[in-house]
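Okay, structure first, notes after.
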Amino acid sequence: MEQAVKKSKGKRIAKIILIILLSLIIVFYIVSFFIVQSVFNDMFGRAEIPENSVFYRYEDMKEKYPREEVTFKSGENTLTGFIYGNENTKGLVVISHGHGGYSESYFSETRWFVDNGYKVFAFDNTGSGHSEGDGTTGMAQSVIDLDAALTFAESDERLNSLPVFLYGHSWGGYAVTAVLSKGHDIAASVSIAGYDTPMGIVCEFAEEMITGPLTIIEYPVLWVSNKIRFGSDANISAVDSINSTDTPVLIVHGRNDETVEIDGAAIINQKDKITNPNVQYYVNDGDHSTVFMSEEAGKYFVETENRGNEIIEKYGDEIPEDIEKEYFESVDKDKISELLPELMDKINDFYMNSLK
Numbered sequence: 135m136e137q138a139v140k141k142s143k144g145k146r147i148a149k150i151i152l153i154i155l156l157s158l159i160i161v162f163y164i165v166s167f168f169i170v171q172s173v174f175n176d177m178f179g180r181a182e183i184p185e186n187s188v189f190y191r192y193e194d195m196k197e198k199y200p201r202e203e204v205t206f207k208s209g210e211n212t213l214t215g216f217i218y219g220n221e222n223t224k225g226l227v228v229i230s231h232g233h234g235g236y237s238e239s240y241f242s243e244t245r246w247f248v249d250n251g252y253k254v255f256a257f258d259n260t261g262s263g264h265s266e267g268d269g270t271t272g273m274a275q276s277v278i279d280l281d282a283a284l285t286f287a288e289s290d291e292r293l294n295s296l297p298v299f300l301y302g303h304s305w306g307g308y309a310v311t312a313v314l315s316k317g318h319d320i321a322a323s324v325s326i327a328g329y330d331t332p333m334g335i336v337c338e339f340a341e342e343m344i345t346g347p348l349t350i351i352e353y354p355v356l357w358v359s360n361k362i363r364f365g366s367d368a369n370i371s372a373v374d375s376i377n378s379t380d381t382p383v384l385i386v387h388g389r390n391d392e393t394v395e396i397d398g399a400a401i402i403n404q405k406d407k408i409t410n411p412n413v414q415y416y417v418n419d420g421d422h423s424t425v426f427m428s429e430e431a432g433k434y435f436v437e438t439e440n441r442g443n444e445i446i447e448k449y450g451d452e453i454p455e456d457i458e459k460e461y462f463e464s465v466d467k468d469k470i471s472e473l474l475p476e477l478m479d480k481i482n483d484f485y486m487n488s489l490k
């Protein structure tokens with residue numbers, strides 16, 4: 135009798151402990167969910183156009199590179215795009231920009247493509263630059279916006295008569311591969327510093343900046359948050375999309391990329407899973423921002439960035455106007471905007487060979 139009582143009491147205690155543990159787990163995930171939402175809202179806020187830039191912008195060269203502004207819808211937001219080189223007939227290059235930037239962040243590439251006979255369609259993603267949106271939403275948004283941009287291009291007489299080539303970096307590097315599963319007629323795609331899945335890069339960011347080894351515990355919260363934001367588009371795999379077609383794809387990555395790590399979330403890290411026979415690879419010693427720059431431009435960019443960081447460290451948010459003006463006026467925009475000839479020539483050949 136006494137043993138039965140003790141056994142029953144032990145079961146009640148175990149049950150109470152289990153309930154407490156489950157309650158703590160539930161509370162943990164509820165609190166984590168709201169924290170993750172807050173972090174996401176901060177991380178994926180608007181990407182505004184900076185007042186100054188160390189690179190050339192459209193205003194610097196608008197007479198030589200005239201453009202036509204267009205608008206189209208992506209979800210509830212109206213996005214703004216620009217058509218350059220309207221008389222060119224070599225092909226249409228659609229540029230998908232990186233997170234935190236906007237289309238003119240890639241004006242060096244835009245100029246290069248126009249100078250080499252291509253028409254260019256560059257647009258600002260949701261929450262970026264000239265486009266609508268309270269924020270950039272997340273790492274899956276770029277493929278949604280590129281899908282909308284291509285749908286617009288296919289219906290527009292100014293754009294739909296030429297073979298379509300894609301060019302994207304980082305956020306855009308993901309988009310120009312993941313969009314291959316959307317059924318558009320793409321002649322060839324160049325992905326620079328792209329990641330395989332939104333969840334893969336979000337977890338990589340979380341591990342490095344927020345939760346460290348606890349990321350595996352936070353994964354369900356990150357997954358649910360991403361799913362709520364993007365639904366069926368939440369975690370499209372770039373690799374699966376590349377394999378779903380025979381479209382030629384050039385995957386470019388820098389060995390020193392610390393933003394999309396080459397042995398981490400990067401598409402190129404999934405090379406062994408890519409079965410599309412028309413995929414090529416190009417790797418150099420660049421980092422996330424310099425992978426497409428000439429060696430001199432890359433070094434100069436790092437030096438310029440370091441000088442800027444020193445000014446920020448010294449003055450914080452209250453940089454004197456004359457100091458800021460002097461800094462930007464001291465930058466050699468020709469030097470810092472120089473692209474890597476070897477890579478750009480390879481891209482040109484890659485595009486042209488896809489038409490044979």
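Residues in the sequence shown are numbered consecutively from 135, following the numbering used here.
Ideal Cβ placement from N, Cα and C applies to all residues, glycine included.
Please read all numbers here as calculations on a predicted model, not as lab measurements.
(message) My output table needs one value for M427: the three-state DSSP class, helix, strand or coil.
(response) In this structure, M427 counts as strand in the three-state DSSP scheme.
(request) Please confirm whether S325 and T311 have their CB atoms less than 8 angstroms apart. (result) Yes, these two residues count as a Cβ contact at 8 angstroms.
(message) For E476, report the span of its beta strand (DSSP E) as first-last.
(response) Segment 475–487 is the alpha helix (DSSP H) holding E476; no beta strand (DSSP E) there.
(message) Can you find the residues in the same chain that come closer than 6 angstroms, C-beta to C-beta, to I491, ignoring five residues on each side of it along the sequence?
(response) Given a span of 135 to 490 for the chain in the structure shown, any question on residue 491 remains unanswerable.
(message) Assuming contact is defined by CB atoms lying nearer than 8 angstroms, are Y329 and I401 in contact in what I supplied?
(response) Contact: yes.
(request) Give the secondary structure of F257 by DSSP, where H, G and I count as helix, E and B as strand, and everything else as coil. (result) In the structure shown, F257 sits in a strand (DSSP, three-state: E or B).
(request) Grab the span of the beta strand (DSSP E) containing I229 for me, first residue to last. (result) 226–230 is the span of the beta strand (DSSP E), which, as asked, contains I229.
(message) Please give me, in chain order, every unbroken run of the beta strand (DSSP E) with length at least 3 that falls completely inside the region 183–244.
(response) Listed in chain order, the beta strand (DSSP E) elements of length 3 or more contained wholly in the region 183–244 are 201–208, 211–218, 226–230.
(request) Pull up the DSSP beta-bridge partners for Y301, would you. (result) Answer is I229, V324, bridged to Y301.
(message) Which of the three DSSP states is assigned to Y252 in this structure?
(response) DSSP places Y252 in coil when its eight states are reduced to three.
(message) Does N294 come out as helix, strand or coil in the three-state DSSP assignment?
(response) N294: coil per DSSP, three-state reduction.
(message) Comparing C-alpha positions only, which one of F426, W305, I153, G272 sits nearest to V358?
(response) Closest option to V358, Cα to Cα, is G272.
(request) Compare the C-alpha of A399 against each of S428, K480, W305 and name the closest. (result) It is W305 whose Cα lies nearest to the Cα of A399.
(request) Pull up the CB-CB distance for L356 and V336, whole angstroms please, since I reckon it's below 8 angstroms. (result) A Cβ-Cβ separation of about 6 angstroms places L356 in contact with V336 under the 8 angstroms criterion.
(message) Classify E392: buried if its beta carbon has 16 or more other beta carbons within 10 angstroms, exposed otherwise.
(response) By the neighbour-count rule (16 or more Cβ atoms within 10 Å), E392 is not buried but exposed.
(request) Find out if the Cβ-Cβ distance for the pair S208, I278 is shorter than 8 angstroms. (result) Contact: yes.
(request) Report the option in S471, S187, A327, E193 whose CA atom is closest to the CA atom of Q404. (result) For the residues S471, S187, A327, E193, the minimum Cα distance to Q404 belongs to A327.
(request) Please work out which residues of its chain come closer than 6 angstroms, Cβ to Cβ, to T214, disregarding the five sequence neighbours upstream and downstream, and give them in chain order. (result) Excluding positions up to five away in sequence, the list reads T205, D258, H264, S265.
(request) Would you give the residue range spanned by the beta strand (DSSP E) that Y495 belongs to? (result) Not covered by the structure: residue 495. The range shown for the chain is 135 to 490.
(message) Assuming L293 and A287 are in contact, meaning their beta carbons sit under 8 angstroms apart, how far apart are those beta carbons, in whole angstroms?
(response) About 4 angstroms separates the beta carbon of L293 from that of A287, a gap short enough to meet the 8 angstroms contact definition.
(request) Please list, in chain order, all residues of the same chain as T331 whose beta carbon is under 6 angstroms from its beta carbon, the five residues on each side excluded. (result) N369, S371.
(message) Check for me: the beta strand (DSSP E) holding I385 runs from which residue to which?
(response) Unbroken beta strand (DSSP E) run through I385: 383–388.
(message) Here's a check: name, in chain order, each residue in its chain whose Cβ is nearer than 6 angstroms to the Cβ of Y416, leaving out the five neighbours to either side.
(response) Cβ within range, chain order: V386.
(message) Quick check on the burial criterion: 16 or more other C-beta atoms within 10 angstroms. Buried or exposed for A148?
(response) A148 comes out exposed.
(message) Which of the three DSSP states is assigned to A181 in this structure?
(response) Strand.
(request) Compute the Euclidean distance between the alpha carbons of V188 and E439, then round it to the nearest angstrom. (result) Cα to Cα, the separation comes out at about 9 angstroms.
(request) Pick out whichever of L489, D483, F174, T212 has its Cα sitting closest to the Cα of N250. (result) Among L489, D483, F174, T212, the Cα nearest to that of N250 is on D483.
(message) Quick check on S464: does DSSP put it in helix, strand or coil?
(response) Looking at S464 - three-state DSSP - the assignment turns out to be helix.
(message) Can you tell me where the alpha helix (DSSP H) holding L314 begins and where it ends?
(response) Where L314 is concerned, there is no enclosing alpha helix (DSSP H), given that its DSSP letter is neither H nor E.
(message) Taking its Cβ as the centre, do 16 or more other Cβ atoms sit within 10 Å of G334, making it buried, or is it exposed?
(response) Buried.
(message) Quick check on this structure: which residue in D319, D421, G235, E210 has the alpha carbon closest to the alpha carbon of G179?
(response) Per the C-alpha coordinates, the member of D319, D421, G235, E210 positioned closest to G179 is G235.
(request) Return the chain-ordered list of same chain residues with a C-beta closer than 6 angstroms to the C-beta of V227, the five sequence neighbours on each side being excluded. (result) Cβ within range, chain order: F247, Y252, V254, F299, Y301.
(message) Here's the rule: buried if 16 or more other CB atoms are within 10 angstroms of the residue's CB, otherwise exposed. What is L152?
(response) Counting Cβ neighbours within 10 Å, L152 comes out exposed, since fewer than 16 surround it.
(message) Let me see if you follow: with CB-CB separation under 8 angstroms, is I154 close to chain C or not?
(response) The chain labelled as chain C is not found in the depicted structure, where only one protein chain is given.
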